[in-house]
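Okay, structure first, notes after.
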Amino acid sequence: MIPKRIIFAGTPQFAVPSLLALLHSQHQVSAIYTQPDRKAGRGLQLQASPVKLIALEHNIPVYQPTTLKSAETQAQLQALQPDLMIVAAYGLLLPQIVLKTPRWGCINVHASLLPRWRGAAPIQRALLAGDKVTGITLMQMDVGLDTGAMRLQRLCEIQPNETGQTLHDRLAHLGAQLLAETLDEIENLPVTPQDNDQATYAKKLEKAEAPLDWQKPAVLLERQVRAFNPWPVAQTQLFNQTWRIWQAQALPSPPMTTLPIGSILACQRNGIDIVTAAGILRLLTIQKAGGKPISVNDFLNGHPEYIIDK
């Protein structure tokens with residue numbers, strides 16, 4: 002095994018386990034590319050990405066271009082003479098000249114079983130769709146959107162109570178594990194083209210998707226609550242104000258339910274039951290504006306006047 006000179010490109014927390022796997026390998030991470038610092042928090046202070054923070058801890062050169070299309074940025078990358086570029090949730094498109102710069106090209110750590118869920122939000126879209134399995138794909142990148150040939154895949158079963166956060170964390174570590182197992186001979190892995198006829202698209206999440214639509218079945222609404230935890234977080238109107246819904250459970254409708262869709266059937270310490278188009282959605286953990294997420298039991302301890310018996 003000959004050690005490789007690797008460039009790593011990634012930005013959010015999802016990319017951190019993969020970067021750490023490279024840093025703990027026998028290969029050399031010679032540079033890290035990540036998105037420019039962004040304003041965040043109440044004070045809108047510039048904050049470095051999680052990947053940049055790891056790079057600084059390990060004294061690795063960090064590059065933060067706003068685009069990889071400029072000749073200057075491309076020349077800078079070529080001067081690094083990488084054998085391989087590993088990409089995980091970087092957030093910038095890689096032009097053809099960048100894809101061809103490393104000796105063995107660019108490998109993407111993608112959080113789905115391609116060709117299913119190409120795009121920006123594969124984890125959440127898998128949960129919304131009710132998929133039973135997902136996984137990680139190591140993909141040889143091309144100029145298309147997650148259209149490159151597959152090098153290796155690893156399955157991950159989706160648990161019944163899985164949230165966007167828990168599945169994100171499990172897939173991030175699975176991607177790192179797959180890299181650690183294959184990095185020494187990754188250039189020799191078989192190349193399998195994707196079946197474009199089987200492709201689905203995982204569009205970016207939007208805040209506008211957060212409101213719960215009670216005209217949908219409870220099963221779909223529960224998926225929405227789980228998928229949008231921790232962002233953008235499902236929400237609805239309760240007690241004349243907007244509440245974020247962090248945890249909910251779909252239940253069958255009781256016999257003889259005649260209340261209109263969207264009505265509160267019951268509000269007790271075990272949850273707030275809302276009538277949906279099919280079934281009941283029981284709200285378990287809620288959060289009002291300016292407050293913290295709390296259980297319905299804790300909410301009713303302070304507001305017993307909202308208790309409604311079945």
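Going by our numbering, the first residue of the sequence shown is number 2, and it counts up by one from there.
Backbone N, C-alpha and C define an ideal beta-carbon position, used for all residues, glycine too.
Beta carbon of residue i nearer than 8 Å to that of residue j
i	j	result
L285	I275	no
A203	A150	no
M2	D299	no
Q394	G165	The shown model of the chain, from 2 to 311, leaves out residue 394, and the question about it has no answer.
P218	T167	no
L114	L139	no
A211	A22	no
W105	E188	yes
A32	L81	yes
A173	Q242	no
Cross-strand partners of residue i (DSSP beta bridge)
i	result
N109	V88, M140
K40	L47
S264	Per DSSP, none; premise fails for S264.
Q29	R6
L252	I281
A80	DSSP output for A80 lists no bridge partner at all.
Nonlocal neighbours in the same chain, by C-beta distance under 7 Å from residue i, ignoring five residues either side
i	result
V99	L69, Q75, L78
L24	V30, H59
H169	F15, I124
Residue i versus residue j - alpha carbon distance
i	j	result
P253	E207	29 Å
I309	M257	17 Å
A127	P13	19 Å
L47	A200	37 Å
V144	D198	18 Å
G263	Q216	8 Å
Q196	R152	The amino acid at residue 196 is misidentified as Gln; the sequence shows Asp. Going by the C-alpha atoms only, they are around 14 Å apart.
N60	A251	49 Å
K5	P116	28 Å
Q29	P294	43 Å
E73	R119	30 Å
P1	A249	No statement about residue 1 is possible, as the shown extent of the chain runs from 2 to 311 and does not include it.
Q36	I87	15 Å
G303	P18	42 Å
Q236	L213	6 Å
M142	V220	36 Å
D147	R270	46 Å
A49	I55	10 Å
L57	A112	26 Å
L301	V234	22 Å
Y307	L222	23 Å
Same chain, Cβ closer than 6 Å to residue i, neighbours up to 5 away in sequence not counted
i	result
A16	V52, A89, A90
Y34	A10, Y64
A279	P218
R110	Sequence check: residue 110 is Val here, not Arg. Cβ neighbours of V110 beyond the five flanking positions: S19, A89, G176.
Nonlocal neighbours in the same chain, by C-beta distance under 8 Å from residue i, ignoring five residues either side
i	result
Q238	W244
I273	L239, I265, A267, R283, L284, I287, V297
L333	With the chain covering only 2 through 311, there is no way to say anything about residue 333.
T102	Q75, L78, Q79, P83, M86
| task | Report the residue ranges of all beta strand (DSSP E) runs contained in full by the stretch 138-224; include only those spanning at least 3 residues, in chain order. | result | List check, beta strand (DSSP E) in window: 151-158.
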